[in-house]
Structure formats: structure tokens, C-alpha cells
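2 protein chains.
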Amino acid sequence: MEKNIPYKIYLEENEMPKQWYNVRADMKNKPAPLLNPGTLQPMTAEELAGVFCDELIAQELDNDTPYIAIPEEILGFYKMYRPSPLVRAYCLEEKLQTPAKIYYKFEGNNTSGSHKLNSAIAQAYYAKKQGLKGVTTETGAGQWGTALSMACAYLGLDCRVYMVKVSYEQKPFRREVMRTYGATVTPSPSDTTEVGRKILAEHPGTTGSLGCAISEAVEAEQKLDGYKYVLGSVLNQVLLHQTVIGLETKAALDKYGIKPDVIIGCAGGGSNLGGLVSPFIGEMLRGENKYQIIAVEPASCPSFTRGKFAYDFCDTGKVCPLAKMYTLGSNFIPSANHAGGLRYHGMSPILSQLYHDGYMEARSVEQTAVFEAATQFARVEGILPAPESSHAIRVAIDEALKCKETGEEKTIVFGLTGTGYFDMVAYEKYNNGEMGDYIPTDEELAKSLAELPVVE
Amino acid sequence: MEKNIPYKIYLEENEMPKQWYNVRADMKNKPAPLLNPGTLQPMTAEELAGVFCDELIAQELDNDTPYIAIPEEILGFYKMYRPSPLVRAYCLEEKLQTPAKIYYKFEGNNTSGSHKLNSAIAQAYYAKKQGLKGVTTETGAGQWGTALSMACAYLGLDCRVYMVKVSYEQKPFRREVMRTYGATVTPSPSDTTEVGRKILAEHPGTTGSLGCAISEAVEAEQKLDGYKYVLGSVLNQVLLHQTVIGLETKAALDKYGIKPDVIIGCAGGGSNLGGLVSPFIGEMLRGENKYQIIAVEPASCPSFTRGKFAYDFCDTGKVCPLAKMYTLGSNFIPSANHAGGLRYHGMSPILSQLYHDGYMEARSVEQTAVFEAATQFARVEGILPAPESSHAIRVAIDEALKCKETGEEKTIVFGLTGTGYFDMVAYEKYNNGEMGDYIPTDEELAKSLAELPVVE
Numbered sequence: 001m002e003k004n005i006p007y008k009i010y011l012e013e014n015e016m017p018k019q020w021y022n023v024r025a026d027m028k029n030k031p032a033p034l035l036n037p038g039t040l041q042p043m044t045a046e047e048l049a050g051v052f053c054d055e056l057i058a059q060e061l062d063n064d065t066p067y068i069a070i071p072e073e074i075l076g077f078y079k080m081y082r083p084s085p086l087v088r089a090y091c092l093e094e095k096l097q098t099p100a101k102i103y104y105k106f107e108g109n110n111t112s113g114s115h116k117l118n119s120a121i122a123q124a125y126y127a128k129k130q131g132l133k134g135v136t137t138e139t140g141a142g143q144w145g146t147a148l149s150m151a152c153a154y155l156g157l158d159c160r161v162y163m164v165k166v167s168y169e170q171k172p173f174r175r176e177v178m179r180t181y182g183a184t185v186t187p188s189p190s191d192t193t194e195v196g197r198k199i200l201a202e203h204p205g206t207t208g209s210l211g212c213a214i215s216e217a218v219e220a221e222q223k224l225d226g227y228k229y230v231l232g233s234v235l236n237q238v239l240l241h242q243t244v245i246g247l248e249t250k251a252a253l254d255k256y257g258i259k260p261d262v263i264i265g266c267a268g269g270g271s272n273l274g275g276l277v278s279p280f281i282g283e284m285l286r287g288e289n290k291y292q293i294i295a296v297e298p299a300s301c302p303s304f305t306r307g308k309f310a311y312d313f314c315d316t317g318k319v320c321p322l323a324k325m326y327t328l329g330s331n332f333i334p335s336a337n338h339a340g341g342l343r344y345h346g347m348s349p350i351l352s353q354l355y356h357d358g359y360m361e362a363r364s365v366e367q368t369a370v371f372e373a374a375t376q377f378a379r380v381e382g383i384l385p386a387p388e389s390s391h392a393i394r395v396a397i398d399e400a401l402k403c404k405e406t407g408e409e410k411t412i413v414f415g416l417t418g419t420g421y422f423d424m425v426a427y428e429k430y431n432n433g434e435m436g437d438y439i440p441t442d443e444e445l446a447k448s449l450a451e452l453p454v455v456e
Numbered sequence: 457m458e459k460n461i462p463y464k465i466y467l468e469e470n471e472m473p474k475q476w477y478n479v480r481a482d483m484k485n486k487p488a489p490l491l492n493p494g495t496l497q498p499m500t501a502e503e504l505a506g507v508f509c510d511e512l513i514a515q516e517l518d519n520d521t522p523y524i525a526i527p528e529e530i531l532g533f534y535k536m537y538r539p540s541p542l543v544r545a546y547c548l549e550e551k552l553q554t555p556a557k558i559y560y561k562f563e564g565n566n567t568s569g570s571h572k573l574n575s576a577i578a579q580a581y582y583a584k585k586q587g588l589k590g591v592t593t594e595t596g597a598g599q600w601g602t603a604l605s606m607a608c609a610y611l612g613l614d615c616r617v618y619m620v621k622v623s624y625e626q627k628p629f630r631r632e633v634m635r636t637y638g639a640t641v642t643p644s645p646s647d648t649t650e651v652g653r654k655i656l657a658e659h660p661g662t663t664g665s666l667g668c669a670i671s672e673a674v675e676a677e678q679k680l681d682g683y684k685y686v687l688g689s690v691l692n693q694v695l696l697h698q699t700v701i702g703l704e705t706k707a708a709l710d711k712y713g714i715k716p717d718v719i720i721g722c723a724g725g726g727s728n729l730g731g732l733v734s735p736f737i738g739e740m741l742r743g744e745n746k747y748q749i750i751a752v753e754p755a756s757c758p759s760f761t762r763g764k765f766a767y768d769f770c771d772t773g774k775v776c777p778l779a780k781m782y783t784l785g786s787n788f789i790p791s792a793n794h795a796g797g798l799r800y801h802g803m804s805p806i807l808s809q810l811y812h813d814g815y816m817e818a819r820s821v822e823q824t825a826v827f828e829a830a831t832q833f834a835r836v837e838g839i840l841p842a843p844e845s846s847h848a849i850r851v852a853i854d855e856a857l858k859c860k861e862t863g864e865e866k867t868i869v870f871g872l873t874g875t876g877y878f879d880m881v882a883y884e885k886y887n888n889g890e891m892g893d894y895i896p897t898d899e900e901l902a903k904s905l906a907e908l909p910v911v912e
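First to last, the protein sequences are chains U and B. Okay, so the first sequence: first residue is 1 according to my numbering, each after it adds one. Okay, so the second sequence: first residue is 457 according to my numbering, each after it adds one.
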């Protein structure tokens, strides 16, 4: 029946997307605007220009244009590591003895080890086009920092990365990849910024957080001439660039007449999930089709499933604009025992609005169950997945096992965002039986949510 | 002119090789047979059966059959990570401002991070088919051990890896990947074998060598019921399996009417080089075509360029058969400061004979020049290469720069065997300016070569 569907679908070059898809154009309820942290009024393009590049601001604020052309230079860079394969998980299906058909879109076949490169090259390109010397950013687990370093090396831009201290120390090899690509990597909080010094004074011995590293990167940008700040997730512009994932996925499925029933992605700040599901949700918004969309988040950082849909600060230092999103509070820090990424306290405003409007559901999964799925997947599908990606694997397996019970032949598509080659400390913990589950108590969450800013 | 040649050539599933190519069938001067270390007589199939699987022995001894069918099950596994792309290095060409056209066959898009999986799955498959419980092996840098662990996990075989102690300690993450795939990893030399205990007694504090780990893995196999020993390079069977690299490369080039002038591969034991060049050398042997073939080896372990073509032991413990090959002497150990693999004292008997007969040339390159090429390549082509693969990059760049001087538009193809994600300790040394070059003196080589066994 499906004789002609290859194990791995690679699009031909001429089938690759030439435009990004802007899901906001099809949303009736647009995502709420970013607010100025001082005035609590919507940020204007002029205000945003203090931090971001001009063309990226235009993309950030554009709620109307459905398709935005990908510049030739970015298409050229995409050809370096794209198209990514859409893989039929035949071996996993057989292992599970499920009637479900499982596909995964694999974004890990590049040195950044994840999908982050899709937006890194776009942001670096617009910075270069604007005549800038360099960019500043933060990185947690390290994928984003690596991706940006690669993009900057390619374009000849300086790249300064503030890396969450706990990752900097636990993942020296990630740091070294960035340095090989010519980036400067500073552990955060550091004494190189005012906000860093303040945080260090208040919390001596802290191992840092993403929200804190964002504050430092933004401050650093503002003190450097010819630099702008760039961010790897959460923002509308990032989701826009990442739609190359979903557009390729859809093109590959359409090419072989495959209609997915369930689409699953892991969710931290939302860049991968948003990129994967946007074209499918677009069809739902336009009333053309119906899919079950599942966001998967760690039980240790459950912004969708236990957070509040409200305006909040995007960073710990409260220097960035406020965003309306599902949030756990900008002071929330997941347990240090939580491995991998997906540690951000908030969520993409676009995805938050779509979730709020019922276009997707969300599940939280526990860490040991995630690594169990990761190991099972690695052994039959060959790829050792990133802990982040493995959240999606967990729920894909759960859904496939449900099909086994019901006999349904559902088609499940999930996003395999990257590889776990720099996460072996976490795998070692799991292999040694030393990994636990760390779920915040209701009291903890209530405490950090009580500190949300009052906006309305 | 070349408008229709994509950036990356992926073969369609139906274009992938269904047979391995046995270059020995076309060699007038066959590689010399393995000798029994006791009697110094050619090893019979019966004698080899004490160590190797039956079908692999047949492949090892087959000097006549030009094409050997790849079993369906192995083809199925190959589909998991193959075809590998043949990439046009447009960005590198532009960076070098060379009129040369550079292509590379990239074997790193799988969790083992290298081409080693091509033979690992074949050897594990034949072991499984013979009803064995498991296999033993050694690994140096770790690629082979990882590949074999993956193949064994897939087939449900037990896998016991003796890992050279210095690698075991410097690359804990490699070890952890193997453990994630269910393998048992023992640092070598160990006290789990007689030969290990003997070496430890004679050289207390030794950090091990590949030759020593081979001896331990062979001894372990002989003491375990239902186990055989498998090896990741040097042997004829391994080169046979690895021809899938060269056959895919040739099919991709032929598809677009590209004729290479120069083909370059790094050479340690010869598995990648032999796999890449065999189909091309086959055409030379049959008088159909002419190519310039270049083997690249580290100046710190220069078996082709400074070794002797003679019978030698394959392992330090002298329990394995003797092979006629270019060798530095089985007691030769490259400087501990040499990074990455390509540390074996000998070379594939097939490649040794072909080199001896003038079908390829060899160059040795120094470590810092290799990392310079690796970094240059990473920054423009996106892939952070393995130190081993970077030997080929170095010479590909050198050849492209020659073309720049002469104006020749040569087509250069090189093998990019893998990624360097587990080699960041070496990159860190290079990034910090702490890397040196370690070339054995004539006296050192004369000493280890003086210990060659007397065979004729």
C-alpha cells in the first residue's frame, strides 16, 4: 500500500520552502503585544530598535502577512544542512507492536545538534545586512549558542554568548564548539555586567538561569557599539523562521499523500513546536483540516499545564519587554536536577494564545520516563536523542501504545529536534539509576506566580 | 553549466548499492594471506573459525568474487542512516578562491559519528545468524565501539568492548553512549584477561594501545561460550563492507556525470580509505579509468610513508594472525600527545598491496596543520569534523590551493568520515594554542621496526 514511501523522505532542492509561514495572519485572536517594562504600553518598532535588528522587528510585529520570502542568502545556508529528513520509524513501530504509523522530522543532522540553526542564520543575516559588527545572546543547554556561533562564523560577525553557569561547567564541550566557531563564551551570572554583579551579590553561589543570562546579554548589547541582541526562542520572529520545519514536514507528507492524525512536539520556549505545527494549525484556523496537536513539557517546568496565561517579564533582571504568555513567574527556576533544556519559565505568546484558544493540548512528562523513551528510541532507531526531543518521543510512544490497545492505525508525526551527544552526563545518571523526578509543589508555583506583574 | 547538480546528492533508495565490491577480485597481485602466529603458515578457514564468524571468514578469504550481495536485513539497517550525502563544498571553494571543485562524502550523520556502522552491522548480523550470544571487540577513539554497540542493541546481541585506557578516561561520554546502547565497556589493559595482567605487570601505569586492547578482546572471546571476536578495520572483510561508501559515491557522481580527478581519504587501519577508493581503484585495475588516489596519515603514526611492507603481528600480545602490511612494528605506540584515532601500527593488507603496486600515493600531515584545516572547514561548511577526517580535509585544501596556483579546475573528492563532537578536548588544546606536533625520530622507528618477526 505504501510501497513507494521511502524510509526517509528528503525533499528535492526545488521542493524546499522558499517562504516562511506567519501563522498570526490566520489567527483571529492575535498574540498580545510585547509591553514596555517601564510604561506597560505596547512596544513600538522604535523602542524595539534599541535591542533588535530592524527587519527582525518588522517580522516580530507583522500580524498580517501570511508568507514572508526567505532571502536567497539564507536559502543558500539552509542548503548546507537542509532539507532535514522525515523518517518513518518502522523499527520503533515494530518494537512497540503498534498499528500506528510513526514519523519523525529529524533536525539534529548539523553541528549545532538541533533546529536552532534555522533561526540563528536568519537573525545573523539580518544583523549583517544592517551593517552590525556582532550580536549578543544567552544560551542554556547550549544548542542555541552553538547555532548562533556557526551562523556568525559563516557571515563573519562577532558573537558573544552568555551561557548559564551550570551548563558552562557541566558542558565544557559545548563551550568549546562555540569557541571553535570563534565565539566568546561567558558563564552567567558574570561580573561583566551590572545585572550580573547584582544577581551575584544577592544570590552568591547561584548557578544561573536563562532569565538571568538574557538580562546580561541585553545589557552587554546596549553597551557595545554596532551590536544587537538576538534570542533563540519565544519571540514571534523565531517561530516564523522555524516554520521551515513544519513546511518541509507538510511538503514531504503531501508528496506521498500522508495525512497525520497527531502531531507532537516538545515545548520549552516554543520555537521547535511552533515551527513544526504552525502550517498545520494554519489549516485548522482556516477551517481546512483538523489535527490533534500535543505540546509536551517537563513536569519540572510545566508552564502550559500548571502556569498562568498572563503578562510577565521575559527575563530575571526585568530589563526586557513583558509578554503575555503561559508562565510560571520570571523568578521560577526548575530543580537543578532537571536535565537538558526546556527550562524557561514562559512560553511563546503565539503558542500561548493558540493553546488558550483550544488549538492544541499539553502534557507534562517526568524525567525518568523521558529517558526511558530516549533509550528505547536510540536502541531501535539508531539516533541518540537530545533530552529535550525525548519529551516528544515519550508522548509519541504513549500515543502509539494507545493505538495498540484500541487497534487504531493513527498516523503520528513528532519533532525530533536534536541529538544528545553533549548530554551524556544526564544519560550517565540515568544509566546508573541515579536519576529522579523533580516536580514543583503547588506552594512553590503559587509563590513564583504571586510575583507576576500587575498589568491590567 | 552544473545547474542541476544539487548542493547535496542523496541517492534514491532504489539507487543504493545492493552488493559490496570486492576489489581483490580485480587485483593481479592479491594481498598476502594471514599467517598462523605459531606455524607461520597461511591461516585456514578452520583456524580462523576459532576467532571469527563463518560467513565473515568466507569473505575474508574470498579473493575472487567481485560482487557480494548485501543481505536484506543489512540493507534494512543501512536505510536507517544511509544513503550518506555527497556534498559539494561550495563554501569552502569560495573561501579558498580555488577553481577546483571539491566534493565530500559525509559519513557522520549517525550516532556512532562515523562510517564504522557500515561494517559493525554486517559483522553483528553474521554473528546473530550463526546463533551467537555476543561479540567482543576493542576500540580506540571510540567510534568503532559505539558503532558495534548500536548494531548489537539493534540485533539483541551482547557487546563487550575493551577501550584503550587513555580514551576511556579522556572520553567518558563515548563510553556512556556505548553503555546507553547496552554494551559493557572495560578500560584496557585490564586485569580481566591474562594478557592484560601481563601487560600491566610489565608496564605499570600504561595508558594502553589498540594492539593491546585487541589481544584482550580476542582472549575474552575465547573464554566465553557463544561469542566471537570482531574488528573494525584492517581486515579484508571490513574493507568489503565499507565499499558501500565508495559505491554510493560513484553512483552519485555518475548520476550527474562528474568524473573525479583526485580522491582523498584518511588512513589509520584503512577501513574508510579502502571503502571509499575500492570501486575507483577497481576501474584502474581493469584499465578502464585513471584517478589520483591519496592516502593521508598522521606524521605521528606514518605507516605508509615511513613503515616497512612486511609481515607483522596485528596485536601487541601476538595472539592474532600475522599480516603482510605496511607497519611501524607492533610495539610502536604514537605519542600520547597525538589526538584522535589513526594510531594503529599497521595498515590494511589490501591497501598495502595496492600502495606497493603504485595504485595510490600517501602523504603524512602534522597535527596542528590538521586542526587548522578542521577549523577552517567547520566555519564555512558547518560540520565540525573528526580529527581523523580532518587529515583528508588538510590534503583536499592543499590540493585545491595548488589548483589556485596552476588554474586547473580539478574535481577533488574526499571522505569526511565523521564528526568531532567527542573530540573537544583536542579542539580545546588547539583553540588554546597548546597543541604541538609529535613526529617519531628515525631512531625510534628503527627500533620498533627491528622487532618485526622473521617470516621468510
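Even for Gly, the Cβ is constructed at its ideal location relative to N, Cα and C.
What span of residues does the beta strand (DSSP E) with residue i cover, start to end?
i	result
Phe414 of chain U	411 to 416
Thr862 of chain B	Taken as a continuous stretch (DSSP letters only), Thr862 of chain B belongs to no beta strand (DSSP E), being part of the alpha helix (DSSP H) at 843 to 862.
Glu916 of chain B	With chain B covering only 457 through 912, there is no way to say anything about residue 916 of chain B.
Met325 of chain U	322 to 327
With DSSP as the reference, label residue i as helix, strand or coil.
i	result
Phe765 of chain B	strand
Ser114 of chain U	strand
Pro643 of chain B	strand
Met740 of chain B	helix
Ile9 of chain U	strand
Thr39 of chain U	coil
Tyr291 of chain U	coil
Phe562 of chain B	strand
Thr592 of chain B	strand
Ile719 of chain B	strand
Met800 of chain B	Just to set this straight, residue 800 of chain B is Tyr in the shown sequence, not Met. Note: Tyr800 of chain B maps to coil in three-state DSSP.
Ala100 of chain U	coil
Thr663 of chain B	coil
Gln579 of chain B	helix
Arg175 of chain U	helix
Report the residue from the options whose alpha carbon sits nearest the alpha carbon of residue i.
i	options	result
Asp771 of chain B	B:Arg799, B:Arg762, B:Pro754	B:Arg799
Lys410 of chain U	U:Cys152, U:Ile263, U:Val218	U:Ile263
Glu528 of chain B	B:Val641, B:Met472, B:Gln515	B:Met472
Gln809 of chain B	B:Asn485, B:Gly564, B:Tyr523	B:Asn485
For the alpha helix (DSSP H) containing residue i, name the first residue and the last one.
i	result
Asp62 of chain U	Careful: Asp62 of chain U lies outside any alpha helix (DSSP H) and carries neither H nor E.
Gln599 of chain B	599 to 611
Asp442 of chain U	442 to 449
Problem - Against chain B: residues of the region 267 to 284 of chain U by CB proximity under 9 Å - result: Only those residues of the region 267 to 284 of chain U whose C-beta falls short of 9 Å from the nearest C-beta of chain B would be listed, and there are none.
Exercise for the section: Check distances from the C-beta atoms of the region 458 to 472 of chain B to those of chain U and list, in chain order, the residues that come in under 8 Å. Expected result: Those residues of the region 458 to 472 of chain B that come within reach of chain U (Cβ to Cβ, closer than 8 Å) are Pro462, Tyr463, Lys464, Tyr466, Glu468, Glu469.
Practice task
Count the CB pairs spanning the region 403 to 420 of chain U and the region 578 to 595 of chain B that are closer than 8 Å, and state whether there are at least three.
Solution key: Output reads no: the region 578 to 595 of chain B does not touch the region 403 to 420 of chain U.
Exercise for the section: With 8 Å as the limit, tell me which residues of the region 826 to 850 of chain B have their beta carbon closer than that to any beta carbon of chain U; keep them in chain order. Expected result: Here the close residues are Thr831, Ala834, Arg835, Val836, Glu837, Gly838, Ile839, Leu840.
Problem - Positions along the region 107 to 120 of chain U whose CB lies within less than 7 Å of some CB in chain B - result: Listed in sequence order: Asn109, Asn110, Thr111.
Practice task
Would you list, in chain order, the members of the region 624 to 635 of chain B that have their beta-carbon closer than 7 Å to a beta-carbon of chain U?
Solution key: If the cut-off is 7 Å between Cβ atoms, the region 624 to 635 of chain B has Phe629, Glu632, Val633, Arg635 near chain U.
Handout entry: chain U contacts from the region 882 to 907 of chain B (Cβ-Cβ distance under 7 Å)
Key = Correct list: Tyr883, Glu884, Asn887.
Exercise for the section: Evaluate the contact criterion for the region 345 to 365 of chain U versus the region 85 to 97 of chain U: three or more CB pairs, one atom per stretch, below 8 Å. Expected result: With a cut-off of 8 Å, the region 85 to 97 of chain U and the region 345 to 365 of chain U do not count as touching, because too few Cβ pairs lie within range.
Exercise for the section: Check whether the region 202 to 213 of chain U touches the region 309 to 327 of chain U, counting contact only when three or more Cβ pairs, one atom from each stretch, lie closer than 8 Å. Expected result: Per the Cβ contact rule, the region 202 to 213 of chain U is in contact with the region 309 to 327 of chain U (3 or more Cβ pairs under 8 Å).
Practice task
Taking 8 Å as the threshold, find out whether the region 382 to 401 of chain U comes into contact with the region 334 to 348 of chain U through three or more Cβ pairs.
Solution key: These segments touch.
Problem - Contact set between the region 52 to 83 of chain U and chain B, restricted to residues whose Cβ is under 7 Å from the partner - result: Cβ contacts with chain B come from Lys79, Met80, Tyr81.
Practice task
Could you please tell me which residues of the region 144 to 167 of chain U, in chain order, have their CB closer than 8 Å to any CB of chain B?
Solution key: Within the region 144 to 167 of chain U, the qualifying residues are Met150, Ala153, Tyr154.
Exercise for the section: Report yes or no: do the region 438 to 447 of chain U and the region 146 to 164 of chain U share at least 3 C-beta pairs separated by less than 8 Å? Expected result: The region 438 to 447 of chain U is not in contact with the region 146 to 164 of chain U.
Practice task
Could you please tell me which residues of the region 325 to 343 of chain U, in chain order, have their CB closer than 9 Å to any CB of chain B?
Solution key: Under the 9 Å Cβ criterion, the region 325 to 343 of chain U contributes no residue.
Exercise for the section: Examine the Cβ distances between the region 686 to 697 of chain B and the region 507 to 519 of chain B and report whether three or more of them are shorter than 8 Å. Expected result: Three or more Cβ pairs closer than 8 Å define a contact, and the region 686 to 697 of chain B meets that threshold against the region 507 to 519 of chain B.
Problem - Residues within the region 240 to 265 of chain U neighbouring chain B, beta-carbon criterion of under 8 Å - result: Listed by position, the residues of the region 240 to 265 of chain U near chain B (Cβ gap below 8 Å) amount to none.
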